[in-house]
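>
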Amino acid sequence: MDTTKFPASCFGLNSHKHPSPLNRMNETLVKKHGSFTLKRRFIDSIFGFFIKRLYSPKKIDGGKQTEEEGKVCSWLYALAQSGPDLVFEYVRSTERGLSFKEAERRLAETGPNVPLSHSFPSWMQLLWNAFFHPFNIILIVLAILSFTSEDYPNGIIMFVLVFVSVALRFYQEYNSSKAAMKLVELLKCPVKVQRCAGSVVQTELTVQIDQRDVVPGDIVIFGPGDLFPGDVRLITSKDLIVSQSSLTGESGTTKKTANSREDRTTPLLDLRNICFMGTSVVSGSGTALVVSTGAQTYMSTMFSTIGKNKPPDTFEKSVRNISYALIAVMLLVVPIIILTDYYVSRNLSRAILFGVSVAVALTPQMLPLIVNINLAKGALAMARDRCIGYTVY
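To get the numbering used here, take the position in the sequence shown, counting from 1, and add 1172.
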């Protein structure tokens, strides 16, 4: 039984005057742990400050709701609480749909319906990313020191290794970037929308357009297997089952219906008359009014922060940690060796040459080249199976 949960007064004892053996043991352990913690902090402050500064990752705050996400949530809640007639007034549309002229005007005003604006890096950015790597910086610094100490063969070898490693990574990522750009251009998702035509007598027409041409106010017609081209408010529905795994990560489905009124107590993703961009229809059919497209959708505001603050993966962190560990060891060991050799020989050039030799010996010069060759070989193997490896590492 854990008696520490009860005060000593319950048993008629004074814990201050008569400390129990268990309390004395706890105090001893706390003191020992405190002294050990102080010693460890002292050691870390002397020897581990530089390494800890290099290893510490940037914190990514993904829990706070952004201002854009708050506006989108308020907009969707307002539409979920309103009736169909009021929703049409909010979006400035009609039950017949938009005219072709109005749709063109809104498309020019809002831009293409692209959820996440992604721009591929230029060749200069790819070249800079391939060059600016801790291992390459180490080799370049050592090569310059080798030339300074008149060790020309070793300096030339390290420059050649850096050049081959950078060229191999740049070639692979540049070709992958071009292939990805061509693949994005080929991706098309047709959507059925309802438009109205005619100046005197308006006629409802069902046309098929690309998802990028969908604008707020369009009425989309969907069936099993279709993706919602934006955040929509359901107008009609029949046995509608929707999969929201692209937003929640769960494999379950959600039942949606147009004839419902929601309130603020309902979670956003549980709103029954609202469907979100990127979700798909499992079964059922119906029509819906597009209320948000492009960057104004809930999916775009939710994933925009994640895309900007993408953390490095385990492999990239491991490679960089090895580089930072080598830098830390060199900054600690090489100056000591240079000072010791100069104290013994009284020859500064000889001491610097010996320190540079030790730094070169500590550096795995072929590691960047070997890593890039193996990763490029894996990317080529994936390309044979029609899979694009966008970045090497």
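Quick reminder that beta carbons are idealized off the backbone N, C-alpha and C, glycines included. Nothing here was measured: the structure is a model prediction, and the numbers come from that model.
Have a look at the DSSP bridge pairing and note the partners of Thr1408.
For the purposes of this step, residue 1408 is identified with residue 236 of the sequence shown, where counting begins at 1. Its beta-bridge partners are Thr1459.
> Taking the straight line between their C-alpha atoms, what separation do you get for Gly1269 and Thr1425?
Position 97 of the sequence shown, counted from the first residue, corresponds to residue 1269. Position 253 of the sequence shown, counted from the first residue, corresponds to residue 1425. Those two C-alpha atoms are separated by around 29 Å.
> Please name the residue or residues paired with Gln1366 in a DSSP beta bridge.
For the purposes of this step, residue 1366 is identified with residue 194 of the sequence shown, where counting begins at 1. Paired residue(s): Thr1378, Ile1391.
> So the candidates are Phe1319, Pro1293, Val1336, Glu1322; which of them puts its Cα closest to the Cα of Asn1574?
Since the first residue of the chain shown is 1173 and the last is 1565, residue 1574 is not available in this structure.
> Applying the criterion that 16 or more other CB atoms from any shown protein chain within 10 Å of the CB defines a buried residue, is Glu1345 buried or exposed?
Numbered from 1 along the sequence shown, position 173 holds the residue referred to as residue 1345. It is buried - the Cβ of Glu1345 has at least 16 other Cβ atoms within 10 Å.
> Can you give me the start and stop residues for the alpha helix (DSSP H) that Thr1420 sits inside?
What you label residue 1420 is simply residue 248 of the sequence shown in a count that begins at 1. Note, Thr1420: alpha helix (DSSP H), 1417-1420.
> Below 8 Å, how does it come out for the segment 1488-1508 and the segment 1270-1290: are there three or more Cβ pairs, yes or no?
Judged by Cβ distances under 8 Å, the segment 1488-1508 makes no contact with the segment 1270-1290, as fewer than three pairs qualify.
> So what does DSSP say about Asp1403, is it helix, strand or coil?
Locating residue 1403 in the sequence shown gives position 231, where the first residue counts as 1. Of the three classes helix, strand and coil, the one that applies to Asp1403 here is strand, per DSSP.
> Is it buried or exposed, Asn1431, if we count other Cβ atoms within 10 angstroms and call 16 or more buried?
Residue mapping note: residue 1431 aligns to position 259 of the sequence shown, counting from 1. By the neighbour-count rule (16 or more Cβ atoms within 10 Å), Asn1431 is not buried but exposed.
> From which residue to which residue does the alpha helix (DSSP H) around Thr1282 run?
What you label residue 1282 is simply residue 110 of the sequence shown in a count that begins at 1. Segment 1272-1282, the alpha helix (DSSP H) holding Thr1282.
> Quick check on the burial criterion: 16 or more other C-beta atoms within 10 angstroms. Buried or exposed for Cys1447?
Residue mapping note: residue 1447 aligns to position 275 of the sequence shown, counting from 1. Buried, since its Cβ has 16 or more Cβ neighbours within 10 Å.
> Thinking C-alpha only, which one of Thr1266, Thr1282, Ser1254 is nearest Asp1390?
Taking the first residue of the sequence shown as position 1, residue 1390 is located at position 218. It is Thr1266.
> Does the distance from the C-beta atom of Asn1544 to that of Leu1340 stay below 7 Å?
For the purposes of this step, residue 1544 is taken as residue 372 along the sequence shown, with counting starting at 1. For the purposes of this step, residue 1340 is taken as residue 168 along the sequence shown, with counting starting at 1. Cβ distance < 7 Å, so Asn1544 and Leu1340 count as in contact.
> With DSSP collapsed to three states, give me the class of Tyr1559.
The residue given as residue 1559 occupies position 387 in the sequence shown. Reading off the sequence shown, one finds Cys at residue 1559, where the question assumed Tyr. Cys1559: coil per DSSP, three-state reduction.
> Find out if the Cβ-Cβ distance for the pair Asp1398, Val1334 is shorter than 7 Å.
Counting from one through the sequence shown, the residue named residue 1398 turns up at place 226. Counting from one through the sequence shown, the residue named residue 1334 turns up at place 162. Result no, Cβ atoms of Asp1398 and Val1334 do not sit closer than 7 Å.
> If you drop the 5 nearest sequence neighbours on each side, which residues of the same chain put their C-beta closer than 7 Å to that of Val1286?
In the sequence shown, counting from the first residue as 1, residue 1286 sits at position 114. The residues are Arg1384, Gly1466.
> Which residues bound the beta strand (DSSP E) around Thr1425?
On the sequence shown, residue 1425 is found 253 positions in, with the first residue counted as 1. Run containing Thr1425: 1425-1428, per the beta strand (DSSP E) assignment.
> Is the segment 1461-1475 touching the segment 1403-1412 in the sense that three or more CB pairs, one from each, lie closer than 8 Å?
Touching, yes.
> Would you identify the three-state DSSP class for Val1506, choosing helix, strand or coil?
As a position in the sequence shown, residue 1506 is number 334, starting the count at 1. Helix at Val1506.
> Please state whether DSSP places Val1332 in a helix, a strand or coil.
Here residue 1332 refers to the residue found at position 160 of the sequence shown. Residue state, collapsed to three classes: helix.
> Work out the CA separation of Gly1395 and Gln1380 for me, nearest whole Å.
Start at 1 with the first residue of the sequence shown, and residue 1380 comes out as number 208. Start at 1 with the first residue of the sequence shown, and residue 1395 comes out as number 223. C-alpha separation (whole angstroms): 14 Å.
> Using the Cα positions of Leu1279 and Pro1388, report the straight-line distance between them to the nearest angstrom.
To locate residue 1279, count along the sequence shown from 1; it is residue 107. To locate residue 1388, count along the sequence shown from 1; it is residue 216. Rounded to whole angstroms, Leu1279 to Pro1388 spans 9 Å at the Cα level.
> On a Cα-Cα basis, can you pick out the residue from Ala1460, Thr1238, Glu1239, Pro1439 that is closest to Pro1256?
Walking along the sequence shown from the start, residue 1256 turns up at place 84. For the residues Ala1460, Thr1238, Glu1239, Pro1439, the minimum Cα distance to Pro1256 belongs to Ala1460.
> Under 8 Å: do the segment 1353-1367 and the segment 1316-1331 share three or more Cβ pairs, one atom per stretch?
The segment 1353-1367, when compared against the segment 1316-1331, does not touch it at the 8 Å Cβ threshold.
> Would you tell me roughly how many angstroms separate the C-alpha atoms of Lys1427 and Arg1444, rounded to the nearest one?
In the sequence shown, residue 1427 corresponds to position 255, counting from 1. In the sequence shown, residue 1444 corresponds to position 272, counting from 1. If I take the Cα positions, the gap works out to 7 Å.
> Using only the alpha-carbon positions, how far apart do Asp1323 and Ser1529 sit?
Position 151 of the sequence shown, counted from the start, is the residue given in the question as residue 1323. Position 357 of the sequence shown, counted from the start, is the residue given in the question as residue 1529. Using only the alpha carbons, I get a separation of about 10 Å.
> Where does Lys1203 land, buried or exposed, given buried means 16+ other C-beta within 10 angstroms?
Along the sequence shown, one-based indexing puts residue 1203 at 31. Bear in mind that the predicted position of Lys1203 carries a pLDDT of just 46, short of 50, making it too unreliable to give a figure here.
> Indicate whether at least one CB of chain B lies closer than 7 Å to the CB of Ala1430.
No chain B is present in this structure, which holds just one protein chain.
> Is DSSP giving Cys1245 helix, strand or coil here?
Within the sequence shown, the letter at position 73 stands for residue 1245. In this structure, Cys1245 counts as helix in the three-state DSSP scheme.
> Below 7 Å between beta carbons: does that hold for Leu1298 and Phe1331?
For the purposes of this step, residue 1298 is taken as the residue at position 126 of the sequence shown. For the purposes of this step, residue 1331 is taken as the residue at position 159 of the sequence shown. Cβ distance not < 7 Å, so Leu1298 and Phe1331 don't count as in contact.
> Using the Cα positions of Thr1429 and Asp1442, report the straight-line distance between them to the nearest angstrom.
The residue given as residue 1429 occupies position 257 in the sequence shown. The residue given as residue 1442 occupies position 270 in the sequence shown. Cα to Cα, the separation comes out at about 11 Å.
> May I ask you to list the residues that DSSP assigns as paired with Ile1413?
For the purposes of this step, residue 1413 is taken as residue 241 along the sequence shown, with counting starting at 1. Looking at the DSSP assignment, Ile1413 forms a beta bridge with Lys1427, Ser1455.
> Between Leu1314 and Val1532, how many whole angstroms is the CB-CB distance? I'm expecting something under 8 Å.
On the sequence shown, position 142 is the one that residue 1314 refers to. On the sequence shown, position 360 is the one that residue 1532 refers to. Confirmed, about 6 Å.
> For Ser1137 and Thr1375, which I take to be in contact (beta-carbon distance under 8 Å), what is that distance rounded to the nearest angstrom?
Here the chain covers residues 1173 to 1565 and nothing more, so residue 1137 does not appear.
> Consult DSSP for Ser1265 and reduce its assignment to one of helix, strand or coil.
Translated into the one-based positions of the sequence shown, residue 1265 becomes position 93. The answer is coil: DSSP assigns Ser1265 none of H, G, I, E or B.
> Once DSSP output is grouped into helix, strand and coil, what is the label at Ser1432?
As a first step, residue 1432 is located in the sequence shown; it is residue number 260 there, counting from the start. Residue state, collapsed to three classes: coil.
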